[in-house]
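These notes are about the structure you will find just below.
Numbering (the UniProt record's numbering), first residue to last: 1 to 380.
See the structure below:
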């Protein structure tokens with residue numbers, strides 16, 4: 001089996017992640033911050049260490065401003081619903097995942113916010129001139145960092161400048177880039193950073209996070225409930241991180257994330273990124289040599305993640321994906337990838353989307369060669 005669906009979730013995970021989860025469940029297992037007994041304190045220590053390590057990774061100087069959620073979608077919803085009010089204007093792009101697009105559309109419907117979209121061409125290149133024209137009067141600029149269809153990395157420096165000049169907040173969805181690309185909230189001018197833990201961070205499913213700059217004290221809590229603090233009060237406490245973390249956290253996943261963070265720190269950004277890009281380049285060059293395939297390439301001005309999309313000129317997407325799976329044991333993602341806006345922009349929406357290859361740090365050279373040979377056979 002050759003797993004090339006890592007943009008959906010990385011697999012396999014490092015063995016240390018599974019070991020850490022099992023160790024927590026068999027040796028600790030208690031709820032953090034709810035009791036004063038030994039195991040509850042040990043659980044809180046794991047959470048504290050993970051929050052601190054994660055904050056360090058993303059350039060968050062105050063680790064109490066990093067918060068755990070169920071996933072990136074919940075993180076994005078928490079930020080949007082906690083910030084936006086009737087009449088607020090949001091500037092986003094034509095390349096967004098539904099994790100951002102759908103809550104924005106719902107807020108447009110229910111709260112009367114106004115949406116503006118930066119257009120892009122079929123290579124994912126944004127129209128910066130139009131973006132500047134649209135930025136006047138906006139409260140929030142919200143954008144994906146690594147596109148999950150093409151792998152295009154959006155220019156964070158441009159968005160940070162745009163937000164600063166407009167007096168707006170900047171929200172970045174880093175689900176596809178966190179752990180793979182060096183992100184520093186302070187350096188990159190990010191006010192709200194949202195991401196999942198189970199992709200480039202190689203942690204378990206069921207865990208995401210968001211982190212806030214010091215400007216974001218205006219953000220209201222999206223969900224209220226038990227925190228283990230100020231329990232005598234019926235109003236959600238304002239102290240951090242409790243303000244944005246209600247209910248029992250997913251401690252086995254947090255323990256797994258802590259192990260994953262230590263593991264990836266031992267490897268480093270450069271090695272992880274070089275590994276994925278080398279395999280993406282090999283796949284792209286091999287696919288471009290096939291007359292029956294169209295590769296969805298990215299503008300030369302943009303760097304990419306390891307994600308690569310393509311579609312056949314004649315055969316159906318699902319049939320080829322099924323052939324890759326059934327005959328060659330190659331697992332891919334086919335369709336719209338929860339990002340119809342991207343497919344509309346790059347012109348693949350009428351075809352039902354693309355087939356996506358997304359290698360990981362654990363993808364081997366031999367596996368990439370096997371994929372290339374399989375594609376050549378299918379193309380005959």
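Glycine included, C-beta positions come from ideal geometry on N, C-alpha and C.
With DSSP collapsed to three states, give me the class of residue 91. Residue 91 sits at position 91 when you count from the first residue of the chain shown. Here residue 91 sits in strand by DSSP.
Proximity below 8 angstroms, CB of residue 212 to CB of residue 191: Working through the chain shown from its first residue, we reach residue 212 at position 212. Working through the chain shown from its first residue, we reach residue 191 at position 191. Yes, the pair counts as a contact, with Cβ atoms nearer than the cut-off.
Alpha carbon to alpha carbon, how far is residue 279 from residue 380? Give it in angstroms, no decimals. As a position in the chain shown, residue 380 is number 380, starting the count at 1. As a position in the chain shown, residue 279 is number 279, starting the count at 1. Cα-Cα distance, rounded: 23 angstroms.
Are there 16 or more other CB atoms within 10 angstroms of the CB of residue 271, so buried, or fewer, so exposed? Locating residue 271 in the chain shown gives position 271, counting from the first residue. Result: exposed.
Cβ shell of residue 117 (< 7 angstroms), same chain only, five flanking positions each side left out: Numbered from 1 along the chain shown, position 117 holds the residue referred to as residue 117. Shown here for residue 117: same chain residues with a beta carbon closer than 7 angstroms to its own, the five before and five after excluded, namely 92, 93 and 94 in chain order.
Run of the beta strand (DSSP E) containing residue 211, from where it starts to where it stops: Sequence index remark: in the chain shown, residue 211 carries index 211 (1-based). Segment 208-212, the beta strand (DSSP E) holding residue 211.
Separation of residue 63 from residue 52, as counted between CA atoms: Mapped onto the chain shown, residue 52 falls at position 52. Mapped onto the chain shown, residue 63 falls at position 63. If I take the Cα positions, the gap works out to 5 angstroms.
For the segment 239-254 and the segment 2-9, state whether three or more C-beta atom pairs, one from each stretch, are separated by less than 8 angstroms. In short, these stretches do not touch, since the Cβ pair count stays below three.
Near the ligand PLP: residue 369 beta-carbon under 7 angstroms from a heavy atom: Looking at this structure, you won't find the ligand PLP or any other ligand, since it has none at all.
Out of curiosity, what's the CA-to-CA distance linking residue 72 and residue 97? Residue numbering aside, residue 72 sits at position 72 when the chain shown is read from its first letter. Residue numbering aside, residue 97 sits at position 97 when the chain shown is read from its first letter. Cα-Cα distance, rounded: 11 angstroms.
Under a three-way DSSP split, which group does residue 217 fall into? For the purposes of this step, residue 217 is identified with residue 217 of the chain shown, where counting begins at 1. The answer is helix: DSSP assigns residue 217 an H, G or I state.
Nearest to residue 209 by alpha carbon, out of 234, 257 and 230? The residue you call residue 209 lines up with position 209 of the chain shown. Closest option to residue 209, Cα to Cα, is 257.
First and last residue of the uninterrupted beta strand (DSSP E) at residue 273: As a working note, residue 273 is residue 273 in the chain shown. From DSSP, residue 273 is part of no beta strand (DSSP E) but of the alpha helix (DSSP H) over 269-288.
Tell me the residue span of the beta strand (DSSP E) that contains residue 333. Counting from 1 along the chain shown, the entry for residue 333 is found at position 333. Segment 333-335, the beta strand (DSSP E) holding residue 333.
Given a cut-off of 8 angstroms, decide if residue 70 and residue 206 are closer than it, judged by their beta-carbon atoms. If you number the chain shown from 1, residue 206 lands on position 206. If you number the chain shown from 1, residue 70 lands on position 70. Yes, these two residues count as a Cβ contact at 8 angstroms.
Rounded C-beta distance between residue 284 and residue 295? I'm assuming under 8 angstroms. Within the chain shown, the letter at position 284 stands for residue 284. Within the chain shown, the letter at position 295 stands for residue 295. At roughly 6 angstroms, the Cβ-Cβ gap stays under 8 angstroms, so residue 284 and residue 295 are in contact.
Nonlocal neighbours in the same chain, by C-beta distance under 7 angstroms from residue 323, ignoring five residues either side: Position 323 of the chain shown, counted from the start, is the residue given in the question as residue 323. These residues qualify, in order along the chain: 378.
Within this structure, are the beta carbons of residue 306 and residue 265 separated by less than 8 angstroms? Residue 306 sits at position 306 when you count from the first residue of the chain shown. Residue 265 sits at position 265 when you count from the first residue of the chain shown. Not in contact: residue 306 and residue 265 (Cβ atoms no closer than 8 angstroms).
Leaving out the 5 sequence neighbours to the left and right, which residues in its chain are closer than 7 angstroms to residue 79 when beta-carbon positions are compared? Numbered from its first residue, the chain shown carries residue 79 at position 79. Closer than 7 angstroms at the Cβ level, and outside the excluded window around residue 79, lie 171, 192, 194, 210 and 219.
Residue range of the alpha helix (DSSP H) that includes residue 188: Walking along the chain shown from the start, residue 188 turns up at place 188. Run containing residue 188: 185-188, per the alpha helix (DSSP H) assignment.
If you follow the beta strand (DSSP E) that residue 291 is in, where does it begin and where does it stop? Position 291 of the chain shown, counted from the start, is the residue given in the question as residue 291. No beta strand (DSSP E) holds residue 291; DSSP gives it neither H nor E.
Would you kindly report the start and end of the unbroken alpha helix (DSSP H) that includes residue 62? Residue 62 sits at position 62 when you count from the first residue of the chain shown. That residue, residue 62, is in no alpha helix (DSSP H); it is neither H nor E in DSSP.
Whose CA, out of 30, 262, 321 and 180, lies closest to the CA of residue 10? Taking the first residue of the chain shown as 1, we reach residue 10 at position 10. When each option's Cα is compared against that of residue 10, the closest is 180.
Own chain residues within Cβ distance below 6 angstroms of residue 259, not counting five before or after: On the chain shown, position 259 is the one that residue 259 refers to. Around residue 259: 16, 17 and 20.
Consult DSSP for residue 205 and reduce its assignment to one of helix, strand or coil. Indexing the chain shown from 1 puts residue 205 at position 205. Coil at residue 205, not helix or strand.
Of the choices 368, 241, 216 and 134, whose alpha-carbon is the least far from that of residue 358? Position 358 of the chain shown, counted from the start, is the residue given in the question as residue 358. The residue with the shortest Cα to Cα distance from residue 358 is 368.
Stretch-stretch touch, CB-based, cutoff 8 angstroms, three pairs: the segment 117-136 with the segment 101-108: no
Straight-line CA distance for residue 354 to residue 331? Along the chain shown, read from residue 1 onward, the residue named residue 354 stands at position 354. Along the chain shown, read from residue 1 onward, the residue named residue 331 stands at position 331. For residue 354 and residue 331, the distance between alpha carbons rounds to 14 angstroms.
Counting only the same chain and skipping the five closest in sequence on each side, list residues whose C-beta sits under 6 angstroms from that of residue 42. Taking the first residue of the chain shown as 1, we reach residue 42 at position 42. Only 28 meet the Cβ criterion.
From this set, 267, 168 and 39, which residue's C-alpha is nearest residue 14's C-alpha? Locating residue 14 in the chain shown gives position 14, counting from the first residue. The option with the nearest alpha carbon to residue 14 is 267.
Would you report the Cα separation of residue 321 and residue 49, rounded to the nearest angstrom? As a first step, residue 321 must be located in the chain shown, where it is residue number 321. As a first step, residue 49 must be located in the chain shown, where it is residue number 49. Approximately 42 angstroms between the Cα atoms of the pair.
In three-state terms, what does DSSP make of residue 119? Numbered from 1 along the chain shown, position 119 holds the residue referred to as residue 119. Three-state DSSP puts residue 119 in coil, outside helix and strand.
Apart from the five residues on each side of it in sequence, which residues of its chain come closer than 8 angstroms, Cβ to Cβ, to residue 23? Taking the chain shown and counting its residues from 1, the one referred to as residue 23 is at position 23. Contacts found: 255.
Residues bridged to residue 199 by DSSP? For the purposes of this step, residue 199 is taken as the residue at position 199 of the chain shown. Paired residues: none, contrary to the question.
Give the secondary structure of residue 351 by DSSP, where H, G and I count as helix, E and B as strand, and everything else as coil. Here residue 351 is taken as the residue at index 351 of the chain shown, counted from 1. Reduced to three states, the DSSP call for residue 351 is helix.
Apart from the five residues on each side of it in sequence, which residues of its chain come closer than 7 angstroms, Cβ to Cβ, to residue 362? If you number the chain shown from 1, residue 362 lands on position 362. Excluding sequence neighbours, residue 362 sits near 12.
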